[in-house]
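Heads up, the thing below is written out as structure tokens.
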Ligand SMILES: Cc1cc2nc3c(=O)[nH]c(=O)nc-3n(C[C@H](O)[C@H](O)[C@H](O)COP(=O)(O)OP(=O)(O)OC[C@H]3O[C@@H](n4cnc5c(N)ncnc54)[C@H](O)[C@@H]3O)c2cc1C
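Numbering (the numbering used here), first residue to last: 16 to 443.
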């Protein structure tokens, strides 16, 4: 709980019968023990914790015993493709192609589920996220789009347990892994979950990113936020904040990415699951110039389980979604940066932690044998993350206009990507 291994999935809070809660959600967002926990509960909490350990090979075999394909980067899968929701409302409301929301609406319409665990914005504190069970199409769409601040979906495990009916569940890799661990031990809190979906996952940011963003615009305190979006408008969308005063602040998503090195949740650096490998279906942005130029929204979709693939087939057959299959190599190429970050960077960073005598996660597998140049590159990246997350660095960046910083960030990132292209692609 008190190390960088906590991914804030929320399971310990959800399972604790009120004995643990998240403290300081606009600050460190850490679990805090309020009342003594007996040994039996402590054992369950440790068992459910995906930050401490999650055995990838073991769960791959257990969850997908008859999988057609496997790649160490992508995980187990049936098909990979590029697609989007054909319903224009769902597509435009989604983060990329609206695929995840479309799947949830389709399952609800076909009465295969009675509700979906999704992540919306809090009604009373609209600057914070809040997981809830959506039981209508409107509620599913209200929760569409990616939220890039720390969110602890699994803290609603008691509501999930009490729900009468079948559920679909949407979560980030760490959250999904914890649900899988609970399913494995047959925990009653997850017995209603019939389908698991989730977005790809690069990183999450601390709430300080929002505070800093507002400061840069010389805007009111976050408590005056009435609406907060991370992917507003046409794909790839804008970060947008609406304030009580009526003021609206908007910045291109790619420019708002400048916040990442200053506010990244450390655990994002030790997570090795980019493509949400333990879902039935997972989706990411189809980052490629050919799609980006067209706007509108394109997703990469990966069907993993037989039931996930069946849903995909039926949705394509009845015209709910568009789907063009692609090959593994093309998929890796499209997200080479993400895979390098998670499947090489994370393992090197974990090794750095080990050398420093710090606790490390056990994922049951390790990728090694990277070129020396990749270690050097990682040393630069890790040092940069440490320096840029200091108050001094954050204050300095707040003195510049976000448009300028965003532009500079995008240019520097492109240059960095180009100059490290060879190192990153080497034997990828
Ligand atoms: C923190 C984060 C980091 C990401 N990083 C990458 C990346 O590096 N590369 C990439 O290609 N794609 C990334 N994605 C995925 C991408 O942003 C889209 O979510 C994905 O393409 C699915 O789009 P969609 O239109 O199908 O989803 P939508 O139809 O918009 O549905 C998204 C679903 O995810 C749920 N959701 C949103 N945010 C969260 C969250 N923080 N925790 C739990 N559930 C959530 C919503 O409630 C909704 O049900 C990231 C997403 C998140 C949330």
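Cβ atoms here follow ideal geometry from the backbone N, Cα and C, with glycine treated the same way.
| Under three-state DSSP, which class holds residue 194? | helix
| task | Run the CB neighbour count on residue 252, radius 10 Å, all protein chains shown included, and call it buried at 16 or more, exposed below. | result | buried
| task | On a CA-only basis, which of 115, 38, 17, 56 is nearest residue 296? Give me that one, please. | result | 115
| task | Compare the Cα-Cα distances from residue 391 to each of 250, 363, 141 and report the closest residue. | result | 363
| residue 160: beta carbon under 7 Å from a heavy atom of ligand 1? | yes
| field | Cβ-based burial, residue 270 [other Cβ within 10 Å; buried from 16] | value | buried
| said: Given 7 Å as the limit, tell me if residue 300 has its C-beta closer than that to any heavy atom belonging to ligand 1. | reply: yes
| What distance in whole Å lies between the Cβ atoms of residue 185 and residue 133, which are believed to be in contact at a cut-off of 8 Å? | 5 Å
| task | For residue 401, count neighbouring Cβ atoms within 10 angstroms of its own Cβ and tell me buried if that reaches 16, exposed if not. | result | exposed
| said: Taking the beta strand (DSSP E) that residue 91 belongs to, which residues open and close that run? | reply: 90–92
| query | Mapping DSSP to helix, strand and coil, what is residue 76? | reply | helix
| Spatially closest choice to residue 341 from 301, 307, 352, 36, by CA coordinates | 301
| Do the stretch 19–34 and the stretch 56–66 make contact, defined as three or more Cβ pairs closer than 8 Å? | yes
| task | Report the three-state DSSP secondary structure of residue 340 (helix, strand or coil). | result | strand
| message | Using the three-state DSSP reduction, which class does residue 261 fall into: helix, strand or coil? | response | coil
| task | Measuring alpha carbon to alpha carbon, tell me which of 33, 100, 243 ends up nearest residue 257. | result | 243
| task | Determine the closest residue to residue 144 out of 289, 158, 150, with distance taken between C-alpha atoms. | result | 158
| query | So what's residue 129 in DSSP terms, helix, strand or just coil? | reply | coil
| said: If I follow the unbroken beta strand (DSSP E) through residue 184, where does it start and stop? | reply: 182–185
| field | Span separating the alpha-carbon of residue 339 from that of residue 259 | value | 44 Å
| Who are the Cβ neighbours of residue 74 in its own chain at under 7 Å, not counting the five residues just before and after it? | 195, 293
| message | Can you check which of these residues, 124, 126, 287, 173, is closest to residue 365 by C-alpha distance? | response | 287
| task | Can you give me the start and stop residues for the alpha helix (DSSP H) that residue 285 sits inside? | result | Premise fails: residue 285 is in no alpha helix (DSSP H) and is neither H nor E.
| What are the complete alpha helix (DSSP H) segments, minimum 4 residues, inside the stretch 354–427? | 361–370, 387–403, 406–413
| task | Look up residue 210 in the DSSP assignment and give the residues it is bridged to. | result | 183
| query | Quick one: what's residue 98 bridged to in DSSP? | reply | 314, 338
| said: So if DSSP puts residue 46 in a beta bridge, which residue, or which two residues, is it bridged to? | reply: 37
| message | Below 8 Å, how does it come out for the stretch 311–324 and the stretch 89–101: are there three or more Cβ pairs, yes or no? | response | yes
| query | What are the boundary residues of the beta strand (DSSP E) that residue 152 is part of? | reply | Segment 152–157 is the alpha helix (DSSP H) holding residue 152; no beta strand (DSSP E) there.
| query | Hey, quick one: how far does the beta strand (DSSP E) through residue 106 stretch, first residue to last? | reply | Element bounds for residue 106: not the beta strand (DSSP E) but the alpha helix (DSSP H), 103–108.
| field | Endpoints, the beta strand (DSSP E) within which residue 145 is located | value | 144–149
| task | Return yes when at least one heavy atom of ligand 1 lies under 7 Å from the C-beta of residue 107, else no. | result | no
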